[in-house]
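Down below is the structure, laid out as structure tokens.
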Amino acid sequence: MEDVPRLHVRNISLQLAKCEIATDYTQRPNVIRIRACDRTVLIECKDRIDALTWLEHLQAAANIATSLEDRSMPKFYTLPRAP
Numbered sequence: 001m002e003d004v005p006r007l008h009v010r011n012i013s014l015q016l017a018k019c020e021i022a023t024d025y026t027q028r029p030n031v032i033r034i035r036a037c038d039r040t041v042l043i044e045c046k047d048r049i050d051a052l053t054w055l056e057h058l059q060a061a062a063n064i065a066t067s068l069e070d071r072s073m074p075k076f077y078t079l080p081r082a083p
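Under full-length UniProt numbering, the first residue of the sequence shown is numbered 1, with each subsequent residue one higher.
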């Protein structure tokens, strides 16, 4: 039987999660950081547009993951212009 690589899959709740562009992570470009459930997850995207799309969707999901009484106002992030 051929060895098939197994994917490590873990569910992480986005309730009270913080999603941001990992500007301090310099090993790879276009990385998103998700801080949730006492964990930090880094997601590498193929380009800046892909990273912004993922970030927008993750923040939208995190904003609706909590109850209406506990939600804060959504945060909109802007990025500095590339040189």
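Don't be surprised by glycine CBs; every beta carbon is placed ideally from N, CA and C.
Segment limits, alpha helix (DSSP H) that includes residue 49: 48 to 65
Residue burial classification, residue 27 (beta-carbon count within 10 angstroms, cutoff 16): exposed
Close-in-space but distant-in-sequence residues of the same chain around residue 19 (CB under 7 Å, 5 per side omitted): 32, 34, 55, 58, 59, 62
Start and end residues, beta strand (DSSP E) containing residue 19: 18 to 21
Proximity winner among 38, 25, 3, 23, relative to residue 17 (alpha-carbon distances): 38
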